[in-house]
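Chains as they are written, first to last, in my numbering: chain E, 4 to 352; chain D, 8 to 505; chain F, 30 to 372. Idealized CB from N, CA, C, for every residue including glycine.
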Amino acid sequence: MKASVFKSWEFMLAAVLVVELIVLGLINPAFLNIENLLFSTSDFVHVIIAAVGLTLVIMTGGMDISGVSIMGLASIVLGLSFVAGVPIGACAVLALAVGVGAGAFNGTVIAKTDVNPLVITLAMLFFYAGVASGLPTLLDMMGFAVAGAGGFEAYQYEGISGLPKSFTWIGTGALGWVPVPLIITVVIAAGATYLMHRTRFGRFLKLIGVSADVARFTGVPVTRTLVTVYALNGFAAAVAGLVLTAYFTSARSDLGAEALLNIITAVVLGGSSIYGGQGSVLGTFLAGLVLGFLRQGLLALGISSDVVPVIVGALLIGSVALKIGMGVLGTRRANRLAYETERAAVANG
Amino acid sequence: MTDTTPPLVALRGIWKVFESVTVLRGIDFEIAPGQVHALLGGNGSGKSTIVKIISGAYTPTAGTVEVNGTPVALKKPSDAHEKGIYMVPQEPHIFPNLTVLENLTMGLAGDRAENARRAEKAAQEIGLEADFSAPGGELSIANQQLVEIVRGLLRNAHVLILDEPTSSLTRREVASLAAQIKHLTAQGIGILFISHRLNEVLDFSDRVSVLRDGHFVLSRPASELTAEQLVEAMLPEDFTPHDADARKCYRIEGAHPVLQVRHLSGQAFRDVNFDVYPGEVVGISGVVGSGRTEFAEAIFGIDTEATGEVVIAGKPAPERSPQICQEMGLSYVPEDRHAHGIFLALPSAQTISSGVMSMPEGRFMSSAEERNLATRFIDKLRIKLSSPMQSAKTLSGGNQQKIVLAKTLAPEPRVVILDEPTRGIDARARQDVYRIIRDLTADGVGVVVISSEVGEISEVSDRVLIMKRGRLVELAAGVTGVEQISAATFDATGGAGA
Amino acid sequence: MMKILKSRELLVLFLLVAMILAVATQNKAVLYPFTLINIVNSSLFLMLIAVGQMFVVQTRGIDVSVGAIAGLSAVIFGFALNAGMPLPLAMICALITGALAGAVNAVGVVFIGIPPIIMTLGTLGAYRGFMRVLTGGSWIESIPQNIKSFAVTRYMSIPLMVWAVAVLVIVVAVLLWRIRAARNFYAVGDNADGAYLLGINVKATRFAAFTLSGLFAGAAAIVFVGQIGFVPMQTGNGQELKAIAAVVLGGVSLMGGTGSIWSAVIGSLFLTAVDSMMIFLHVPGSWNNAVAGAVLLGIVVFDYLIRRTVHNRQLAARAAEMRRAEADQDRSTNTTETREMAS
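Below is the structure:
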């Protein structure tokens with residue numbers, strides 16, 4: 004029963020997405036131009052990529068809000084290593100490794116203490132953002148030489164541009180009609196879906212999310228699984244940061260800092276429970292598209308972007324309230340039914 | 008019943024259903040002024056639900072609650088307080104960061120100075136000696152219990168509910184509590200007393216009622232009862248003491264032990280030694296708080312602080328975790344099914360397969376294999392499910408426990424520790440569990456059954472060990488009778504043992 | 030020693046003083062009264078929203094919408110002043126806006142049962158969007174400049190605003206100490222079931238916490254507008270996370286039940302002081318967040334280690350106590366009994 008409700012949530016999201024596109028298209032036919040539609044996703048796919056990573060974390064009943072800082076950190080690491088003369092491929096690998104390391108650190112502290120994950124990742128949100136913004140000056144202080152006046156510090160505010168085409172292609176290129184960022188997003192989402200539903204690791208995530216204590220008594224390697232899943236979230240955030248860097252053709256330390264509300268909204272609207280044990284990468288992906296196109300559509304209709312967060316907030320609250328309401332009614336009905344059956348059984352025999 | 012004065016509290020035809028599981032089936036119950044009414048029953052028999060209904064924490068699905076003869080609606084605990092009912096919970100609700108005085112007066116209406124004065128007076132009367140300005144977290148367990156009683160007195164309670172007040176007290180502290188109870192009943196206060204310790208129940212109370220599977224099976228003055236009668240009343244209906252000769256013991260003579268425990272010590276137990284041989288059932292009898300669960304968790308690698316040696320299937324296991332133990336051939340069914348045993352929100356098939364998931368063979372388990380595994384165990388253990396995908400939440404306690412058993416047996420262990428394997432399940436399911444245990448030993452698996460129910464230990468064990476205050480003592484070979492076990496388990500010097 | 034370590038407010042206050050003194054060895058300027066007053070002055074906004082946040086966190090909730098509430102209240106405050114309202118009336122408008130916004134959060138969390146992080150994250154977006162819709166996205170500038178007189182007037186060389194907030198904090202502290210119901214915040218956060226069984230109105234307490242959080246965000250908005258004299262769109266942006274960091278740093282556990290108003294005060298002073306210290310050490314300001322994050326992480330992990338040690342000690346002490354008591358008894362009665370049983 005649970006499974007079918009769950010499935011229908013994704014189905015509902017898909018339906019909402021279709022209706023949204025049709026309504027927006029009816030009001031403004033230009034919006035439905037396939038090429039525009041596909042390329043407009045580049046504005047928001049970084050939210051989906053980060054949200055997919057967070058979905059895995061939330062599956063365990065955890066939380067990681069530091070992803071938005073890891074995005075900026077990965078971006079600036081890439082940029083700085085590039086201007087320091089590292090080949091761009093190695094820069095990207097370094098940036099991704101930093102993301103994985105940052106995530107794994109979160110996971111380790113969370114698994115080893117009983118401190119609320121929100122608190123730990125709040126601290127790390129500040130820490131990684133601070134390291135990202137401070138890194139240029141640190142490199143100067145450590146005496147690294149760099150071409151151009153002003154040293155690394157010059158890059159702190161204006162960002163690092165002049166990244167090679169081979170890199171910016173992942174943010175601006177396309178294969179046929181399909182933009183590369185969208186392809187990356189689909190690949191990441193597909194990978195995460197596979198991990199979650201087709202591997203033992205995915206099952207461990209679910210078991211921990213339903214009850215970390217029961218999982219421990221059942222022999223699930225809780226610590227190792229948590230460290231891994233937070234590392235994966237760090238990886239996803241770093242990919243999101245690099246895609247955004249390539250899209251803007253500029254590496255900045257504050258990249259993605261505004262995305263937190265949208266990322267969490269995509270995960271929760273996608274059907275994941277923040278109490279853990281229930282989550283869907285497909286749902287997150289679809290919810291991310293719904294939210295992203297909503298913003299695009301409203302802008303295309305000339306509606307002030309100021310209204311968008313109001314709608315996003317209302318969607319977030321409304322969807323959760325709806326689920327809670329459905330759950331309460333269901334339990335009440337089931338209990339009433341069980342009482343009446345038992346009572347009848349006692350009366351008859 | 009009482010024609011002159013109505014009972015302080017009366018339950019009439021109370022039903023309670025949770026998550027589609029019926030816990031109370033139309034029970035009647037009374038607490039009279041100046042009397043101690045003891046409520047007995049196995050874990051999950053519905054005791055705590057009765058307590059919560061009387062104290063306003065739960066509302067009944069059907070039936071009425073009367074206070075002094077008038078029907079009342081107790082929608083929240085403060086309603087019950089207004090009617091003079093106060094519950095002293097098993098785990099005292101102490102706010103560690105507030106002072107003792109604030110802990111005492113928390114939630115009280117009225118003038119602060121006046122409350123403080125009353126609290127001091129009540130504390131003095133009841134013998135609570137503590138620094139009122141010290142933080143509540145520094146109170147001893149016994150004093151925490153007294154704080155709860157004072158809270159009740161400050162609310163002018165006529166009815167005090169004491170839920171397992173002695174489970175974590177030393178004997179001296181219990182004696183002082185007994186004196187307090189006498190003092191309270193002398194003032195006309197009615198007390199609902201809950202305890203696992205039969206001799207305390209008989210010593211403390213005027214009337215004893217025994218609850219089983221959601222209804223009362225016995226309710227008589229304590230003076231007419233013996234400990235044996237209470238033990239018997241708590242046993243399942245179709246329980247017949249087994250004939251030791253007729254029942255087959257599958258113990259493989261001369262085989263190497265599947266589990267050896269040497270000098271295992273932890274905070275709640277000391278120097279525990281025992282062996283388990285393939286094909287035998289070792290029963291460990293012990294009351295709540297005797298250290299039985301703590302030492303089981305130490306063997307299984309949940310508590311990693313314990314010292315001592317454990318040898319599983321011939322191989323020493325100095326570093327243990329649940330995962331390591333399962334791979335070496337030891338599985339464990341924890342005492343607290345909901346907190347540690349079963350993934351309530353998952354399809355049953357996924358809880359069953361979770362047992363092998365962490366094993367090497369679980370790495371690449373396909374969903375078809377998972378389904379096969381689940382179906383095999385559902386058939387073998389006769390689990391009643393509409394489909395393997397049915398969530399465990401809506402199942403009866405017995406079926407839930409069978410799912411936990413399936414999960415535990417799925418890795419095909421050499422030795423299994425079952426902690427309270429029939430807690431809160433009905434008589435039929437209980438027999439099924441005993442049959443499963445027997446089948447296991449027939450396959451040469453060594454089984455350890457830990458239980459506070461003496462009848463159960465007597466029923467299933469080939470050999471009996473007693474866990475008492477952290478020490479494990481073995482009864483003489485062949486001694487598996489209810490009387491001997493209960494005498495050794497409870498400190499029943501008066502009733503059963505003599 | 031253990032006791033002092035257990036009082037997080039004192040520990041962080043000690044760290045704060047130590048940090049300032051350590052920096053003073055490098056740069057004497059940090060000890061000038063003017064510097065110290067400046068630190069306090071610039072912490073006022075954070076301090077007020079942190080005090081509000083404290084109520085919520087203490088009851089085991091979280092409110093990430095406080096920054097947005099402050100922004101919304103600032104806009105209403107600006108509108109009210111521009112409409113020619115007298116200052117006290119405009120202030121009341123700002124406070125009511127904050128309290129109402131907080132009450133909306135409370136309705137979602139307490140009556141519908143939406144997890145606090147989700148509810149307030151939703152209203153964070155909603156309030157911030159609403160704020161932009163109200164102003165059309167532009168700053169409110171033409172505010173009567175006499176509002177700034179509060180900020181620039183000094184009494185005993187301390188800005189009037191600092192005095193005002195200090196008085197407010199002390200009044201609130203006294204009220205929390207005097208009012209019985211204030212203890213309910215602790216009780217509900219510490220052990221909501223236990224509080225409920227004691228007859229405390231858990232829902233009302235949590236409702237009050239969210240409403241107070243909004244109210245203090247409204248007060249923070251007044252301070253903010255008073256200090257800078259206009260309402261930028263970024264008002265309160267990102268401050269919600271800083272406020273949570275401040276209260277947690279000061280000793281309010283996200284698991285509820287601990288900390289006091291001084292946690293919020295000292296926590297916000299500490300976070301603000303970190304920024305200033307960086308300047309005196311000639312460390313680029315870009316490192317501020319990294320230091321704040323590291324300090325927060327260090328403190329919560331240290332706190333965990335202390336709690337674990339204390340807990341283990343208590344367990345061991347109780348086990349020893351039981352053992353002693355039973356050993357006494359065993360010697361007198363029980364040995365014979367067991368022997369009989371076995372035979």
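query                                                                                                                                                                               : result
Run through chain E and tell me which residues come within less than 8 Å of Tyr215 of chain F, C-beta to C-beta.                                                                    : By Cβ distance, chain E contributes nothing, its closest Cβ being about 18 Å from Tyr215 of chain F, past 8 Å.
Could you tell me which chain F residues have their CB closer than 8 Å to the CB of Ile277 of chain E, listed as they occur along the chain?                                        : Pro144, Ile146, Ile147
With a CB to CB cut of under 7 Å and the five nearest residues on each side skipped, what residues in its chain are close to Ala177 of chain E?                                     : Val183
Looking only at its own chain, which residues have a Cβ that is under 8 Å from the Cβ of Thr106 of chain D, when we skip the five neighbours before and after it?                   : Phe139, Ser140, Ala141, Pro142, Gly143
Scan the segment 317-337 of chain F for residues whose Cβ lies nearer than 9 Å to a Cβ of chain E and list them as they occur along the chain.                                      : Asn317, Asn318, Ala319, Val320, Ala321, Gly322, Ala323, Val324, Leu325, Leu326, Gly327, Ile328, Val329, Val330, Asp332, Tyr333, Leu334, Arg336, Arg337
Taking beta-carbon pairs under 7 Å, can you tell me which members of the segment 92-120 of chain E lie near chain F?                                                                : Val112, Thr116, Asp117, Val118, Asn119
Could you tell me whether the Cβ of Thr68 of chain D comes closer than 7 Å to any Cβ of chain E?                                                                                    : yes
Please list, in chain order, all residues of the same chain as Phe14 of chain E whose beta carbon is under 7 Å from its beta carbon, the five residues on each side excluded.       : none
Run down chain F in chain order and give the residues with a C-beta less than 8 Å from the C-beta of Leu319 of chain E.                                                             : Ile147, Leu150, Gly151, Gly154
Using the rule of at least 16 other Cβ atoms within 10 Å of the residue's Cβ for burial, across every protein chain shown, is Asn134 of chain F buried or exposed?                  : buried
By Cβ distance below 7 Å, which residues in the same chain neighbour Ile187 of chain F in space, the five residues on each side in sequence not counted?                            : Ile66
Can you give me the Cβ contacts of Ser322 of chain E inside the same chain, cut-off strictly under 6 Å, excluding the 5 residues immediately before and after it?                   : Leu272
With DSSP as the reference, label Leu15 of chain D as helix, strand or coil.                                                                                                        : coil
Quick one: which chain E residues come within Cβ less than 7 Å of Ala5 of chain D?                                                                                                  : There is no way to answer for residue 5 of chain D, as the model of chain D reaches only from 8 to 505.
Give the residues of chain D in contact with Arg209 of chain F, contact being defined as C-beta atoms less than 7 Å apart.                                                          : Arg119
State the CB to CB distance for the pair Ile98 of chain F and Gly243 of chain F, rounded to an integer number of angstroms; the pair is presumed to be in contact (CB under 8 Å).   : 5 Å
Are the CB atoms of Met74 of chain E and Gly259 of chain E within a distance shorter than 7 Å?                                                                                      : yes
Give me the chain E residues within the contact set of Phe350 of chain D, using Cβ-Cβ distance strictly less than 7 Å, ordered along the chain.                                     : Leu210, Val213, Ser214, Val217
Check the Cβ-Cβ distances between Thr140 of chain E and every residue of chain F, and say whether any is below 7 Å.                                                                 : yes
According to DSSP, simplified to helix, strand and coil, what is Pro188 of chain F?                                                                                                 : strand
So, is Leu204 of chain F buried or exposed, given that buried needs 16 or more other C-beta atoms within 10 angstroms?                                                              : exposed
Can the beta-carbon of Gly162 of chain E be found closer than 7 Å to that of Arg255 of chain E?                                                                                     : yes
So that I know if they touch, is there some Cβ in chain F lying closer than 7 Å to that of Ser322 of chain E?                                                                       : no
Any beta carbon of chain D sitting closer than 7 Å to that of Thr287 of chain F?                                                                                                    : yes
Should the segment 95-108 of chain E be called in touch with the segment 232-251 of chain E, which here means at least 3 C-beta pairs below 8 Å?                                    : yes
Beta carbon of Leu97 of chain E, beta carbon of Ser84 of chain E: below 7 Å?                                                                                                        : yes
Quick check on Ser71 of chain F - is its C-beta less than 7 Å from some C-beta in chain D?                                                                                          : no
Just the C-alpha distance for Ala193 of chain E and Ile187 of chain E, rounded to the nearest angstrom, thanks.                                                                     : 10 Å
With a floor of 4 residues, list each alpha helix (DSSP H) that falls wholly inside the segment 378-423 of chain D, ordered by position along the chain.                            : 404-416
Please say whether Val95 of chain D and Ile156 of chain D have beta carbons closer to each other than 7 Å?                                                                          : yes
Could you pull the start and end residues of the beta strand (DSSP E) that Arg219 of chain D belongs to?                                                                            : 214-219
Using a Cβ-Cβ cut-off of 6 Å (strictly less than) and excluding sequence neighbours within five positions of Ser305 of chain F, which residues of its own chain qualify?            : Ile68
Please say whether Arg219 of chain D and Ser465 of chain D have beta carbons closer to each other than 7 Å?                                                                         : no
Report the rounded CA-to-CA distance for Met185 of chain F versus Glu170 of chain F, giving the unit in angstroms.                                                                  : 30 Å
Enumerate in chain order the residues of its own chain whose CB-to-CB distance from His475 of chain D is below 6 Å, with the five nearest sequence positions on each side excluded. : The amino acid occupying residue 475 of chain D in the given sequence is Lys; His does not appear at that position. Ser297, listed in sequence order.
To the nearest angstrom, report how far apart Met148 of chain F and Ala103 of chain F are at their CA atoms.                                                                        : 22 Å
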